[in-house]
Amino acid sequence: MKKLLLAGMLGTSLFAVSCSSVNNAKTSQNQRAEFLKLKGDWQIVSIDYDKQYKIKPFDEGADAQCFVGSHWRLIPNNYSGAYTLNGGGSCPAVTQPIKIDATGGNTFSFKKIAAGTKAKQNTAGYTLNLINQSTDQFSLEQNVPFDGSTVRVVYNFQRTGMK
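Those letters in the sequence shown? Residues 2 to 164, per this note's numbering, in order.
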């Protein structure tokens, strides 16, 4: 009788664990599907932040307004992409290859890839919150620590091509 009870409890535990694994796999699969929807060409149409601060995103040495109109190509199926700043005025012309990833359904990360280096050699990067995602637009939110507080920067993207 004890063996039967023990076998029943073990069976119930295994069933519960397997159901949990199935749910985790479905969640992970849904998050991956959302990430794949980012495939395509995008443009930053606006950047929202407290204008009293001078923001220079992603260590480019360029003002945040230089990123408005920048072109981003995201290829999530191989975790790659690039962004291009158009240049002009005080804005530099830059094309930067990147490696991208999304985790937890709403965390978007990328790291810049320098010429002649492999992605795994670069461990530094940027982590932003993926918000307001739809078929043709999404936003990335970055919370930048400054003087004991946080400056919220939101990059608003609009699809320009290739779905």
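Where is the CB? At the ideal position from N, CA and C, for every residue including glycine.
Counting along the chain, where does the beta strand (DSSP E) carrying N130 start and finish? In the sequence shown, counting from the first residue as 1, residue 130 sits at position 129. From DSSP, the beta strand (DSSP E) with N130 extends over Y127 to I132.
When we look at the beta-carbon of F36 and count the other beta-carbons within 10 Å, is it buried (16 or more) or exposed? Stepping through the sequence shown from its first residue, residue 36 is reached at position 35. Classification for F36: buried.
Could you check whether the region 56-73 touches the region 37-44, counting it as contact only if at least three pairs of C-beta atoms, one from each stretch, sit closer than 8 Å? yes
Does the beta-carbon distance from L141 to A103 come in below 8 Å? Within the sequence shown, the letter at position 140 stands for residue 141. Within the sequence shown, the letter at position 102 stands for residue 103. It is not a contact, given that the beta carbons lie outside the stated cut-off.
Between R153 and Y50, which are expected to be in contact by the criterion C-beta below 8 Å, what is the C-beta distance as a whole number of angstroms? Within the sequence shown, residue 153 is the residue found at index 152, counting from 1. Within the sequence shown, residue 50 is the residue found at index 49, counting from 1. That pair is a contact at about 7 Å.
Just the C-alpha distance for C92 and G105, rounded to the nearest angstrom, thanks. Mapped onto the sequence shown, residue 92 falls at position 91. Mapped onto the sequence shown, residue 105 falls at position 104. Taking the straight line from one Cα to the other gives about 34 Å.
C-beta contact flag for L39 and F147 at 8 Å: Along the sequence shown, one-based indexing puts residue 39 at 38. Along the sequence shown, one-based indexing puts residue 147 at 146. Not a contact, by the Cβ cut-off of 8 Å.
Spatial neighbours of S110 within its chain, please: CB distance less than 8 Å, with the 5 preceding and 5 following residues excluded, ordered by chain position. For this step, residue 110 is matched to residue 109 along the sequence shown. Around S110: I101, D102, A103, T104, G126, Y127, T128 and L129.
Backbone secondary structure at N79 - three-state DSSP: Start at 1 with the first residue of the sequence shown, and residue 79 comes out as number 78. In this structure, N79 counts as helix in the three-state DSSP scheme.
Can you tell me whether DSSP reads L37 as helix, strand or coil? In the sequence shown, counting from the first residue as 1, residue 37 sits at position 36. Of the three classes helix, strand and coil, the one that applies to L37 here is helix, per DSSP.
By the 10 Å Cβ neighbour count, where 16 or more other Cβ atoms means buried, how is K119 classified, buried or exposed? On the sequence shown, residue 119 is found 118 positions in, with the first residue counted as 1. Exposed, because fewer than 16 other Cβ atoms sit within 10 Å of the Cβ of K119.
Considering only the alpha carbon of each residue, which of N144, M163 and G149 lies closest to Y156? Within the sequence shown, the letter at position 155 stands for residue 156. The alpha carbon of Y156 has as its nearest neighbour, out of N144, M163 and G149, the alpha carbon of N144.
For R160, which three-state DSSP category applies? Counting from one through the sequence shown, the residue named residue 160 turns up at place 159. If DSSP states are grouped into helix, strand and coil, R160 belongs with the strands.
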